[in-house]
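Position one of the sequence shown corresponds to residue 1 (UniProt numbering), numbered consecutively onward. Yeah, the Cβ is synthetic: ideal placement off N, Cα and C, and Gly gets one too. Quick caveat: nothing in here was measured; it's all calculated off a predicted structure. The block underneath contains the structure these notes are about, expressed in structure tokens.
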Amino acid sequence: MPAFNLAPSVPAPCFCPTCGALVDLTLKKAEVTCNICLDAFDVQAIATSRENVTESKEAGAWLKKLENRDGEGDAAATVEEICPACGHNELSFKTAQLRSADEGQTIFYTCVKCKHQFSVNS
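What follows is the structure in structure tokens.
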């Protein structure tokens, strides 16, 4: 049985060298004008160029620093509620949207005394 190439005959995406916007190549012109910055450039020169993109392993550490700046990242609020395990009247809590947007969020409680953890769907 012969093999068929099912890849579409669409050219690879072309980006404006000035602003980086995606450029429409369906016009099949030698020179194209970017719809964003209005810069005109030779399509053949851009289509034959290549850029190598690499992922930095430090990006995760940088993002973690950004999330935790000023000590705010994982700080939990406290509320006066009774712990079901030890009866202490102070719980810390965090919230997360684990279900669809039209449903309530999930509240994660932790007793500040015995560290008992439980969750409530609001």
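For residue i, which residues of its own chain have a beta-carbon under 7 Å away from its beta-carbon, when the five flanking residues on both sides are left out?
i: I107; result: F93, T95, S119, V120 and S122
i: E80; result: N89 and E90
i: G104; result: N121 and S122
i: V23; result: C14, F15, C16, V32 and C34
For residue i, which option in the options has the closest C-alpha, if you only look at C-alpha atoms?
i: D42; options: P17, T26 and I36; result: P17
i: P84; options: C19, L98, T110 and I36; result: T110
i: A30; options: Q44, S100, G104 and A101; result: Q44
So, for residue i: in the same chain, excluding its five sequence neighbours on each side, which residues have a beta-carbon less than 8 Å away from its beta-carbon?
i: T78; result: E90, L91, S92, F93 and V112
i: H116; result: C83, P84, A85, C86 and T110
i: Q97; result: Q105 and T106
i: A21; result: F15, C34, N35, I36 and C37
i: D39; result: C16, P17, T18, C19 and T33
According to DSSP, residue i sits in a beta bridge with which residue or residues?
i: E31; result: D42
i: L91; result: V79 and C111
i: Q117; result: T110
i: C14; result: V23
i: A85; result: Note: A85 sits in no beta bridge, so no partner.
i: A101; result: DSSP lists no partner for A101.
Grab me the residues of residue i's own chain with a C-beta within less than 6 Å of its C-beta, minus the 5 sequence neighbours each way, in chain order.
i: C37; result: T18 and C19
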